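**Q** My questions all concern the structure below.
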Amino acid sequence: MKKKYIVFGAVAFSSICGFGQQPVNYVKKKIAKSTIEIVYSQYIQNGDHSAITGGIGTEKLLVYEPEIIINKQVDSLNAYSVDVGIDVITSASLDNIDFVMSSASRVSKRGYLRLGYERTVKQNRNLSFGGSGYFSIESAYTSLGASLSAEYTSPDKSKAFSAELESYFDDLRWGRLNGERPLRLVYPVELRYREWYDEYKRRSFNLNLSYQQTINEKMVIAFFPGASYQFGLLATPYHRVYFKDSSERVENVPDKRFKIPLGVQLNSFIGRRSVLRVYYRFYKDDFGIIAHTLNTEFAMKLTPGWTLTPLLHLYTQTAASFFKPYEQHDPSQQFYTSDYDLSAFNSYEAGIESRFAGIGKGEKGFFCNVITLRYSYYKRSEGLHAHLITLLMDFMNQKRK
Amino acid sequence: MLQPKKQPVVYILCIAAIILHASCKTVKPYQRAYLNDDAMQAGKRPADKLSSAVHTYREGASGGGSGKTSGGCGCN
């Protein structure tokens with residue numbers, strides 16, 4: 010009996026104490042996160058099938074590409090991004106448009122800016138919408154772009170859908186960067202006796218969809234169907250074409266292009282320290298190109314912060330129906346190009362990426378979170394080859410408001 | 016325009032998708048350590064950007080979750 014009273018008394022006492030307790034006031038703290046990615050890339054290319062000289066001649070090209078990407082997570086709902094960069098291009102083939110053939114390689118520049126905004130829906134945190142605006146300018150090209158996107162992740166995070174609609178409005182007239190007026194299409198110097206095109210605009214509309222599905226705790230698959238429609242001036246005005254009868258004209262390709270890509274990606278942990286990423290894409294367009302792409306990456310986590318990734322890209326495509334090499338075109342053809350980007354070829358890219366993560370973690374203010382160094386070698390079966398180098402430094406700042 | 020000729024690769028992808036989807040299992044939040052790893056994220060990564068641009072300019076194919084599809088000349 011005595012025991013019963015003791016237990017009852019203890020429960021009653023604890024209940025009274027419980028009622029007397031004040032509810033714990035958790036202060037909801039907002040976390041603002043900013044990342045700054047500084048990217049420096051270098052592209053060194055060589056080949057012997059320049060489209061500017063009709064499918065013969067040097068394709069020597071050197072591009073330096075510094076870029077800064079700023080992502081600002083203002084609060085749990087709103088995020089902004091700014092992407093700005095300049096490409097400095099040294100091209101041997103550009104000399105052959107309107108300058109002395111033997112002059113030093115011509116240097117041109119391209120600047121671009123992309124502003125993005127993304128908002129998560131307050132009532133449904135699994136749904137977000139975004140939009141971006143884009144502007145780029147180079148000597149023979151100006152591009153304005155805009156995109157709208159939506160993304161939904163299922164509550165258990167096993168599925169994710171996204172849709173993006175992009176549009177680009179391009180102007181191929183020469184002269185904006187170097188101040189030459191009036192703006193005009195530039196043809197090879199010996200072909201300026203007539204205007205070859207009435208049109209100088211190119212418009213592109215792209216629909217990019219994705220569906221991602223978790224298969225198990227170590228495997229995820231994603232599908233990327235898409236569609237793209239371009240119309241306007243799709244030819245490059247300073248690409249030469251030489252015909253069987255040794256006559257010469259400016260490249261002429263259809264003024265519409267419809268593309269269908271379908272990509273699928275499978276990412277899988279192999280054991281506890283390696284990730285195999287496999288990507289395959291089927292592509293078809295109405296220029297007559299059918300292409301298959303296979304990318305594989307094998308990320309090996311050698312230490313908790315260091316990941317080494319060998320990578321391989323394999324690609325094959327059929328030729329556009331109107332492609333022919335130098336002096337192979339029939340003058341009676343409606344469309345013609347000797348641009349080897351539209352020829353039948355196989356290509357590969359092999360390289361390695363080294364990623365160091367968590368370098369400055371724990372430091373106050375901005376700290377360098379990730380450094381990635383990547384090198385790869387690219388080769389096409391028709392002879393074009395290139396070296397690609399990228400250095401990426403990812404800085405992060407996270408603070409409670 | 017494109018001919019409505021069916022490609023066998025599309026059928027293969029669809030069948031693979033159905034098989035994989037049928038074998039999916041529910042992953043609990045505490046089991047997502049591997050899935051949340053940076054290397055497991057699908058789609059483009061910042062370090063891939065140069066490669067993606069080169070593939071877009073130097074190869075006829077573009078899009079499908081890989082690289083940019085417009086907005087630059089790449090005509091050198």
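From first to last, the protein sequence lines are chains H and P. Going by our numbering, the letters in the first sequence line up with residues 10 to 410, in that order. Going by our numbering, the letters in the second sequence line up with residues 16 to 91, in that order. Ideal Cβ positions, reconstructed from N, Cα and C, are used throughout, including at glycine. Given the structure is predicted, the values throughout are model-derived calculations rather than measurements.
#1: Rounded to whole angstroms, what's the CA-CA distance from R193 (chain H) to E199 (chain H)? Just pull it up for me.
#2: From which residue to which residue does the beta strand (DSSP E) around K40 (chain P) run?
#3: Does the beta-carbon of G120 (chain H) have 16 or more other beta-carbons within 10 angstroms, so that it is buried, or is it exposed?
#4: Using a Cβ-Cβ cut-off of less than 9 Å, list which residues of the stretch 32–50 of chain P approach chain H; keep chain order.
#5: Grouping DSSP H, G and I as helix and E and B as strand, with all else coil, what is Y357 (chain H)?
#6: Where do the ends of the beta strand (DSSP E) carrying V284 (chain H) lie?
#7: What are the residues of the stretch 56–68 of chain P that lie near chain H, defined by any Cβ-Cβ distance shorter than 9 Å?
#8: Once DSSP output is grouped into helix, strand and coil, what is the label at I398 (chain H)?
#9: Is it true that the CB of Y247 (chain H) sits closer than 9 Å to the CB of Y196 (chain H)?
#10: Closest to V284 (chain H) by C-alpha separation, out of P:Q56, P:H70 and P:R60, would be which residue?
#11: Between R266 (chain H) and F240 (chain H), what straight-line distance do the alpha-carbon atoms span, to the nearest angstrom?
#12: Can the beta-carbon of I95 (chain H) be found less than 9 Å from the beta-carbon of E127 (chain H)?
#13: Around the C-beta of L157 (chain H), are 16 or more other C-beta atoms found within 10 angstroms, so that it is buried, or is it exposed?
#14: Taking only beta-carbon atoms, is G272 (chain H) less than 9 Å away from chain P?
#15: Strictly below 9 Å CB to CB, what residues from chain P border S158 (chain H)?
#16: Going along chain P, which residues have a C-beta under 9 Å from K388 (chain H)?
#17: Do you know whose CA, among H:Q343, H:V287, H:T312 and H:K293, lies nearest L323 (chain H)'s CA?
#18: By DSSP, does I33 (chain P) sit in helix, in strand, or in coil?
#19: Would D350 (chain H) count as contacting chain P if we go by Cβ distances under 9 Å?
#20: Do the stretch 220–232 of chain H and the stretch 272–279 of chain H make contact, defined as three or more Cβ pairs closer than 8 Å?
#21: Cβ of E260 (chain H) within 9 Å of Cβ of S152 (chain H)?
#22: Any beta carbon from chain P within less than 9 Å of R182 (chain H)'s own beta carbon?
**A** Taking the geometry as given:
#1: So the two alpha carbons sit approximately 16 Å from each other.
#2: Where K40 (chain P) is concerned, there is no enclosing beta strand (DSSP E), given that its DSSP letter is neither H nor E.
#3: When all chains shown are included, G120 (chain H) counts as exposed.
#4: Going along the stretch 32–50 of chain P in chain order, one finds A32, L35, H36, S38, C39, K40, T41, V42, K43, P44, Q46, R47, A48, Y49 and L50 with a Cβ nearer than 9 Å to chain H.
#5: Residue state, collapsed to three classes: strand.
#6: Going by DSSP, V284 (chain H) is part of the beta strand (DSSP E) stretching over S283 to D294.
#7: Those residues of the stretch 56–68 of chain P placed with their C-beta closer than 9 Å to a C-beta in chain H are Q56, A57, G58, R60, P61, A62, D63, K64, L65, S66 and A68, ordered along the chain.
#8: Three-state result, I398 (chain H): strand.
#9: Yes.
#10: Ranked by Cα distance from V284 (chain H), the options P:Q56, P:H70 and P:R60 are led by P:Q56.
#11: Between the alpha carbons of R266 (chain H) and F240 (chain H) lies a distance of about 6 Å.
#12: For the pair I95 (chain H) and E127 (chain H), the CB atoms are not nearer than the 9 Å cut-off.
#13: Around the beta carbon of L157 (chain H), fewer than 16 other beta carbons lie within 10 angstroms, which makes this residue exposed.
#14: At least one chain P Cβ lies under 9 Å of G272 (chain H).
#15: Neighbours of S158 (chain H) on chain P: none; closest Cβ ~12 Å, over 9 Å.
#16: Going along chain P, no residue has its Cβ under 9 Å from K388 (chain H), so there is no contact; the nearest lies around 11 Å.
#17: For L323 (chain H), the nearest C-alpha among the options comes from H:V287.
#18: DSSP places I33 (chain P) in helix when its eight states are reduced to three.
#19: So yes, D350 (chain H) belongs to the interface.
#20: Judged by Cβ distances under 8 Å, the stretch 220–232 of chain H makes contact with the stretch 272–279 of chain H, as three or more pairs qualify.
#21: At a Cβ-Cβ threshold of 9 Å, E260 (chain H) and S152 (chain H) do not count as neighbours.
#22: R182 (chain H) does not count as touching chain P.
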